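Q: In my numbering, the protein residues as written are 1 to 114. We put the CB at the ideal spot given by N, CA and C, even for glycine. These numbers come from a predicted model, not from an experiment. What follows is a single structure, and I will ask about it in a moment.
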Amino acid sequence: QERLVESGGGFVQPGGSLRLSCAASGFAFRLNRMAWYRQAPGKERELVAAISYGGSTTDYADGVKGRFTISRDNARNTVYLQMSSLKPEDTAVYYCYRPSRDLWGQGTQVTVSS
């Protein structure tokens with residue numbers, strides 16, 4: 001069964017950092033482009049970052065460039081999102097996504113607040 005499981009969310013103060021992880025199973029992870037999306041209350045789900053299957057190409061939403069870093073470990077079937085200098089507007093449920101099969105994880109909540 002193809003599956004994505006996120007972890008690492010939580011509560012953090014503005015300026016803090018978190019690292020999200022997404023463990024993939026049931027498919028050839030190393031051959032798939034992967035992405036992170038987020039959805040804040042009352043807003044549409046939006047792309048945060050994406051990474052090519054080999055990890056050499058990354059893309060970021062304008063609002064997170066320079067603060068977030070997407071990476072992957074194909075030996076561990078895991079994609080990461082390192083988030084730094086977090087702002088209250090980063091508060092959202094963060095989802096891992098496999099575009100080729102429209103496969104979503106269950107999401108992990110990130111709350112940035114003082």
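(1) Three or more beta-carbon pairs under 8 angstroms between the region 49–67 and the region 2–14, yes or no?
(2) Since V112 and Q39 should fall inside the 8 angstroms C-beta cutoff, what is the C-beta to C-beta distance between them, to a whole number of angstroms?
(3) Identify every run of the beta strand (DSSP E) within the region 32–90, keeping only runs that are complete inside it and at least 3 residues long; order them along the chain.
(4) Of the choices I51, S114, S21, whose alpha-carbon is the least far from that of A88?
(5) For L47, which residues of its own chain have a beta-carbon under 7 angstroms away from its beta-carbon, when the five flanking residues on both sides are left out?
(6) Identify whether F27 lies in helix, strand or coil by the three-state DSSP scheme.
(7) Which partner residues of Q109 appear in the DSSP bridge assignment?
(8) Please name the residue, chosen from F11, D73, L18, that lies closest to R67 on a Cα-to-Cα basis.
(9) Mind checking who R98 pairs with in its DSSP beta bridge?
(10) Excluding five sequence neighbours on each side, which residues of the same chain lie with their C-beta closer than 7 angstroms to the C-beta of N32?
A: According to the structure data:
(1) Taking 8 angstroms as the limit for Cβ pairs, the verdict is that the region 2–14 does not touch the region 49–67.
(2) The residue given as residue 112 occupies position 112 in the sequence shown. The residue given as residue 39 occupies position 39 in the sequence shown. At roughly 15 angstroms, the Cβ-Cβ gap does not stay under 8 angstroms, so V112 and Q39 are not in contact.
(3) Taking only runs of at least 3 residues, the beta strand (DSSP E) segments lying wholly in the region 32–90 are 34–39, 46–51, 58–60, 68–73, 78–83.
(4) If you number the sequence shown from 1, residue 88 lands on position 88. Looking at the sequence itself, residue 88 is Pro, so the reference to Ala does not match. Of the listed residues, the one whose Cα sits closest to P88 is S114.
(5) For the purposes of this step, residue 47 is identified with residue 47 of the sequence shown, where counting begins at 1. Excluding the 5 residues flanking it on each side, L47 has same chain C-beta neighbours closer than 7 angstroms at A35, Y37, A61, in chain order.
(6) For this step, residue 27 is matched to residue 27 along the sequence shown. Coil, per DSSP.
(7) Working through the sequence shown from its first residue, we reach residue 109 at position 109. Per DSSP, the beta-bridge partners of Q109 are V93.
(8) In the sequence shown, counting from the first residue as 1, residue 67 sits at position 67. The shortest Cα separation from R67 among F11, D73, L18 belongs to L18.
(9) On the sequence shown, position 98 is the one that residue 98 refers to. Per DSSP, L103.
(10) Position 32 of the sequence shown, counting from 1, holds the residue named residue 32. Leaving aside the five residues that flank N32 on each side, the residues in its chain whose CB is nearer than 7 angstroms to its CB run, in chain order, Y53, R98, S100.
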